[in-house]
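Novice: The following block contains the structure, expressed as structure tokens.
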Amino acid sequence: MDREKAFEALKLRVESQDIILHSLAVEAIMRALARHLHEDVELWGITGLVHDIDLERVNGDMETHGMLGGDILETLDFDQTIAYAVRAHNPANSIARRRRLDKALYCASPMAKLIMACVESSPEKSIDSVDTKKVMSCYDDPHFATDIKRDRIASCSELDLSVEDFAEISLKALKETL
1247 MDREKAFEAL KLRVESQDII LHSLAVEAIM RALARHLHED VELWGITGLV HDIDLERVNG
1307 DMETHGMLGG DILETLDFDQ TIAYAVRAHN PANSIARRRR LDKALYCASP MAKLIMACVE
1367 SSPEKSIDSV DTKKVMSCYD DPHFATDIKR DRIASCSELD LSVEDFAEIS LKALKETL
């Protein structure tokens, strides 16, 4: 599956521009992580792009989110590795995150949400107004964006990254892409 076909598959199943923007942000972070970790940039990027392909179909049922996504991706002949990572990124599915890809997706999605929340909280509402120090300040503030799972972000340690290094890599990726 190439990137354009993956993006078309996503757009056919997701109408919300917020979900599409989030998917693009996670794709950018996954690509940057793949480069940093010397992994397959295309595979990782596509995984980030399609990780929420089922979000509108599950109608808020987080018990099925990811499982349905994996099923959709298998039906569309995506790589099995991508389908597995999509299933494993939702902790409600209780699927072991075995590969680095699985672990990266698990922490990249909430990091994308954190950075975008930092952007929204800045007076300029611009990604260029956010730096790593701001992201870390938001991450450390338990009252900021309380819905963002900081434990999932902190799991970047399974990739031998500190939260600060992960934030820096992610923010740079989003500044180059968005």
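Residue 1247 is where the sequence shown starts when you use the working numbering, and the numbers rise one by one after that. From the three backbone atoms N, C-alpha and C, an ideal C-beta is built for every residue, glycine too. Every value quoted in this text rests on a predicted model; they were computed, and no experiment measured them.
Counting pairs of Cβ atoms below 8 Å between the stretch 1329-1341 and the stretch 1303-1315, do you hit three or more?
Specialist: yes
Novice: Just confirm the distance between the C-beta atoms of Ala1350 and Met1276, as a whole number of angstroms; I'd bet it's less than 8 Å.
Specialist: 6 Å
Novice: Given a threshold of 16 other Cβ atoms within 10 Å of its Cβ, counted over all protein chains shown, does Asn1284 qualify as buried or as exposed?
Specialist: Rather than Asn, the amino acid found at residue 1284 in this sequence is His. His1284 is exposed by the Cβ-count criterion.
Novice: Per DSSP, what kind of secondary structure is Lys1379 in: helix, strand or coil?
Specialist: helix
Novice: With three or more C-beta pairs closer than 8 Å as the rule, is the stretch 1398-1413 touching the stretch 1353-1361?
Specialist: yes
Novice: So for Val1304, helix, strand or coil by DSSP?
Specialist: coil
Novice: Please confirm if the stretch 1262-1275 is in contact with the stretch 1289-1296, defined as three or more CB-CB distances below 8 Å between the two stretches.
Specialist: yes
Novice: Please report the distance separating the alpha-carbon of His1268 from that of Lys1395.
Specialist: 15 Å
Novice: For Met1357, count the other beta carbons within 10 Å of its own beta carbon; 16 or more makes it buried, fewer makes it exposed. Which is it?
Specialist: Buried.
Novice: Taking its Cβ as the centre, do 16 or more other Cβ atoms sit within 10 Å of Lys1359, making it buried, or is it exposed?
Specialist: buried
Novice: Skipping 5 residues on each side, what residues in its chain have a beta carbon closer than 8 Å to that of Met1308?
Specialist: In chain order, Asn1336 and Ala1338 place their CB closer than 8 Å to the CB of Met1308, counting only its own chain and leaving out the 5 sequence neighbours on each side.
Novice: Ignoring anything shorter than 4 residues, give me the alpha helix (DSSP H) runs that lie fully in the stretch 1354-1419, in order along the chain.
Specialist: Qualifying alpha helix (DSSP H) stretches, in chain order: 1378-1386 and 1396-1400.
Novice: Taking the alpha-carbon positions, what's the Ala1280 to Pro1369 distance?
Specialist: 32 Å
Novice: Should His1297 go down as buried or exposed, given a rule of 16 or more other Cβ atoms within 10 Å for buried?
Specialist: So His1297 counts as buried.
Novice: Taking the alpha helix (DSSP H) that Leu1270 falls in, what are its first and last residues?
Specialist: Gln1263 to Leu1283
Novice: Let me know the secondary structure DSSP gives Glu1254 once reduced to three states.
Specialist: helix
Novice: Which whole-angstrom value is the C-beta distance of Ala1419 and Tyr1385, which I expect to be below 8 Å?
Specialist: Contact flag wrong, Cβ pair sits at about 17 Å.
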